[in-house]
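If you read the sequence shown in full-length UniProt numbering, its first letter stands for residue 1, the second for the next number, and so on. Shown next, in structure tokens, is the structure this report addresses.
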Amino acid sequence: MRMELDVVREHVGNNMSDAAIFQTYRLNKRDVEFEQDILRNPNSVKCWMRYIDNYKLGPYKKVCVLYERALKQLPGSYKLWHCYLKIRRKYLKTTDNPDYEEVNNVYERALVYMNKMPRIWIEFCTFMLKQPKLTVARRLFDRALRALPITQHSRIWPLYLKFIKESHDPEVAVKIYRRYLKLFPEDSEDYIEYLTTSGRLDEAAVRLSEIVNNDSFVSKHGKSKHQLWNELCNLISKNPLEIKSLNVDAIIRSGLRRYTDQLGHLWNSLADYYIRSGLFERARDIYEEAIQTVTTVRDFTQVYDAYAQFEELSLQKRMEVVHANQNSTEKDDCEIDLRMARLENLIERRLLLLNSVLLRQNPHNVKEWLKRVQLYEGNDVQVINTFTEAVETVDPQKAVGRLHTLWVEFAKFYEKAKQVEEARLVFKKAVLVSYIKVEHLASVWCEWVEMELRHDNFNEAMRLMRQATSIPSRKVAYHDDTETVQIRLHKSLKLWSLYLDMEESFGTVKSTMACYDRVIDLRIATPQTIINYGLFLEESNYFEEMFKAYEKGVALFKWPNVFDIWNTYLTKFLDRYGGTKLERARDLFEECLEGCPPQFAKCIYLLYAKLEEKHGLGRRAMAVYERATEAVLPEEKFEMFNIYIKKAAEISGIPKTREIYMKALEVLTNNNARTMYLRFAELETKLGEIDRARAIYSHCSQICDPRVTEEFWQTWTSFEVAHGNEDTLREMLRIKRSVQAMYNIQVNMMSAQMMSVISVEPEKSGMKLLEEKALENKEKPLEPIKFVLGSEQDRLPNEKVTNPDEIQFSDDEDEEDGDKENEENDDEDMPTKKDVPAELFGNLGAFTEKNTE
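In structure tokens, the structure reads:
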């Protein structure tokens, strides 16, 4: 009992007497068992916790006494200390300093034994933050960091940083942050953010520059080095007065060398730094330097817009100052005029500056050099300087565009200025340039020659052409890129074409012929060149030489390129000689047709046949037409057969066309064959061969679906009404039904195949049921169809009329019985009203009477 009083005395102090302590903390009967358990196991934490849990909801002071007794017995128990401190914090009655001091003392006693437990330190530091003791709290954090191992510091620092950000002045916070960054350098961005918000921009810029230059630094926020550079540039350019420890100009220029894709933004940042520093002339120099060095249109646009805005604001601010003073002096007016002139000059130079950017981007862009010349239009000195710089800068092997146009425009500039000698000097240098293609060099020569022609220097122009077309001492291929363009120039067709035109205009016939022969010998002539050669010789009345030229052309080219030459050759030959040299003309045609493709055969054969018709024999002309029907394209055969038939009728007579018709029907397609069949049948009808015409109609019916070709069946029906009888009409209708059935069977077979592919189930589809119904209707016998007589007097008087369209052929009973038998036997062949057109029913009476007679 004395031991318990000593423990309580230590807890409550000397303020209470022993009697009061005993009255407050006396044992009851239920505590006896726990006391006995503790006596048996004084070092058991479980025994003490069971005893304490028994009073968890009991008197607070009694619980504290039990914890004090337990901790005196077991001072190294973390569980006892943690629970005890939690109870003490929970039952803080007031926020007075004595209450907090008591808990602080308990924490201090706990740390004597628990100084390596980070949880105790964290709770103590958190509890200390609630008290207005900043210095004590800071020193407590420092004690915690010294007491705990370094591996546990990461649990203390977040609370420590939060404390210094909220409670301490920046000086102390910066010192503590510097200690923190020695252990966790990856959190430099948080430190920079804190410095920025606290107004210490100089140190923030220094720290930011350090992490930008540190290649091993990795942003925990996922920022790239480029983003960090932008932050640094924005920081130092917008706060030039606060940044004292860094050389801003050097930093931004190092960024210009490193980040070439953000030159516009970095140049604007550097200029903005000088503007905010009040160094406006220096900022203007920076802008000028920027627009003279950037290489992309995007960067130029950014810098130019910022530069223009700077000049505009500078002018606006100065005008506001002058208007505010209301006493403008001559100096103020001069300064306003100067700033206005600067702004106007900048606007006027925009296109030229943009062109400079594109040329810096690619100095071998010929098109941009020509644009630059146009921008200097009116300033001859600048134009000449630009041309000179262009031809010296552009590499022929790297040129983008046609380099020869640059030289040509340079020469034309001197020509327009009436300085022909300088233009000749430019051309002399231009023809020595190693162009990529021979055509470019040929264009330069042609322009030079045309310039001489414009100034009536014909002899000089001819001399230049002879010089350009001179053949080198060794043989070279035109497309051999290993050779220079100058040595391959003699095979340029463009150059020779101009030379030929000049020879035709200023030379003699022999010199022109020699020039054409050289072109043919060099094997660079085109079909048009051969045709031009022939036309020139024809104009000069050299007809045999013209035909020789055409012979060279047809020997030089193959089909289809030779078609135009042959066409011109044959036409000119026929126009010249007509039928006087018929055998020679035939040999030419046979030579032409020997390898003629089908797409060109029609024109040649028609020309050949025309020759034979006019100067030869009709038999030979027919033979030519017959060959033509076999040689032309399939789609041209129908037209060719029509021409053949027409000519045959004119030459040999209409009966001779039967063989042509029969041959045409063998080779033509169905669509064209139907037309040919109808024409053939019409021919036979005109000749009075009715049976032959009927046979032709019958033969043609096999390719005429009644559902599609109604015109054919209408024609045949008209033919039978006009020239046939009842039997022939019945036969025609029978054929029509058989042909229709044939096409229906084909459609039904296709439908059955499709249905078998779609479904194999025995169930009948709707389409199949319709087909079966159609077949059933088809199998039913046709009702007898009777013809209508042409007059009412032939009707039997005692006969009951059941059909107004019924026709009786005779009053004779024997003939009537015979007709009935025929109706019974030929029931399926009888025509119905739907088979015969309505407009033909009126003629059937006369048709029937004629047959009965």
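Positions of the beta carbon are idealized from the N, C-alpha and C atoms, including for glycine.
Euclidean distance between Cα positions of residue i and residue j
i      : j      : result
Glu289 : Leu129 : 57 angstroms
Ala390 : Val357 : 15 angstroms
Pro396 : Tyr550 : 41 angstroms
Leu232 : Glu447 : 59 angstroms
Val400 : His364 : 6 angstroms
Glu101 : Leu85  : 13 angstroms
Ala468 : Trp445 : 7 angstroms
Lys262 : Leu270 : The sequence shown places Gln at residue 262, rather than the Lys named in the question. Straight-line Cα distance between these residues: approximately 13 angstroms.
Asp691 : Ser718 : 15 angstroms
Ala609 : Asn672 : 24 angstroms
Tyr304 : Thr386 : 23 angstroms
Lys581 : Glu538 : 18 angstroms
Ala693 : Ala681 : 5 angstroms
Leu338 : Glu344 : 10 angstroms
Lys656 : Ala649 : 7 angstroms
Thr260 : Tyr478 : 45 angstroms
Leu535 : Thr568 : 10 angstroms
Residue i, buried or exposed, once every other Cβ within 10 Å from all chains shown has been counted against 16
i      : result
Ile604 : buried
Thr669 : exposed
Trp48  : buried
Met114 : buried
Trp229 : buried
Cys125 : buried
Ile696 : buried
Ala250 : exposed
Cys334 : exposed
Gln599 : exposed
Asp521 : exposed
Arg523 : exposed
Gln302 : buried
Asp501 : exposed
Leu266 : buried
Gly199 : exposed
Val112 : exposed
Asn268 : buried
Tyr91  : exposed
Phe310 : buried
Lys367 : exposed
Arg463 : exposed
Candidates the options, of which the one nearest residue i by Cα
i      : options                           : result
Leu403 : Arg372, Ser443, Leu425 and Ala423 : Ser443
Met340 : Met319, Ser652 and Leu353         : Met319
Met465 : Met117, His265 and Leu441         : Leu441
Cys592 : Gly618, Cys446, Ile565 and Lys412 : Ile565
Pro75  : Leu537, Val106 and Lys90          : Val106
Arg88  : Lys116, Glu123 and Gln73          : Glu123
Leu354 : Ala308, Ala722 and Thr296         : Thr296
Ala628 : Arg349, Cys596 and Ser511         : Cys596
Leu453 : Asp481, Ala417, Leu498 and Val485 : Leu498
Lys133 : Ile530, Leu145, Arg119 and Asn104 : Asn104
Ser209 : Arg178, Tyr194 and Val248         : Val248
Ala555 : Leu535, Thr571, Thr526 and Asn532 : Thr526
Trp559 : Asp727, Ile176 and Glu594         : Glu594
Neighbour flag for residue i against chain D, beta carbons, 8 angstroms
i      : result
Ser473 : Any reference to chain D falls outside this structure, which holds one protein chain only.
In chain order, what are the residue ranges of uninterrupted alpha helix (DSSP H) at least 4 long that sit wholly in the segment 354 to 396? 366 to 375 and 380 to 393
Counting only runs of 4+ residues fully inside the segment 402 to 473, write out the alpha helix (DSSP H) ranges in chain order. 403 to 416, 420 to 430, 438 to 454 and 458 to 468
Cβ pair count under 8 angstroms reaching 3, the segment 224 to 242 against the segment 264 to 275: yes
Under 8 angstroms: do the segment 526 to 545 and the segment 566 to 584 share three or more Cβ pairs, one atom per stretch? yes
Kindly confirm or deny that the segment 456 to 466 and the segment 482 to 492 touch, where touching means at least three C-beta pairs closer than 8 angstroms. no
When you compare the segment 420 to 430 with the segment 468 to 481, are there three or more beta-carbon pairs, one atom per stretch, that lie closer than 8 angstroms? no
The segment 366 to 384 touching the segment 310 to 319, judged by at least three CB pairs closer than 8 angstroms: no
Below 8 angstroms, can you find three or more Cβ-Cβ pairs linking the segment 630 to 640 to the segment 651 to 662? no
Does the segment 36 to 46 come close enough to the segment 68 to 87 that 3 or more CB-CB pairs lie under 8 angstroms? yes
Which residue spans inside the segment 578 to 626 form an unbroken alpha helix (DSSP H) run of at least 4? 582 to 594 and 598 to 615
Within the segment 195 to 280, ranges of the alpha helix (DSSP H) (whole runs, at least 4 residues): 201 to 213, 225 to 238, 248 to 258 and 263 to 276
Which runs of the alpha helix (DSSP H), 4 residues or longer, sit entirely within the segment 323 to 351? 330 to 348
Are the segment 177 to 192 and the segment 207 to 219 touching, with three or more C-beta to C-beta distances below 8 angstroms? yes
Could you tell me whether the segment 140 to 147 touches the segment 155 to 172, where touching means 3 or more Cβ pairs closer than 8 angstroms? yes
Going along the chain, which unbroken runs of the alpha helix (DSSP H) with 4 or more residues stay wholly within the segment 633 to 672? 634 to 651 and 657 to 667
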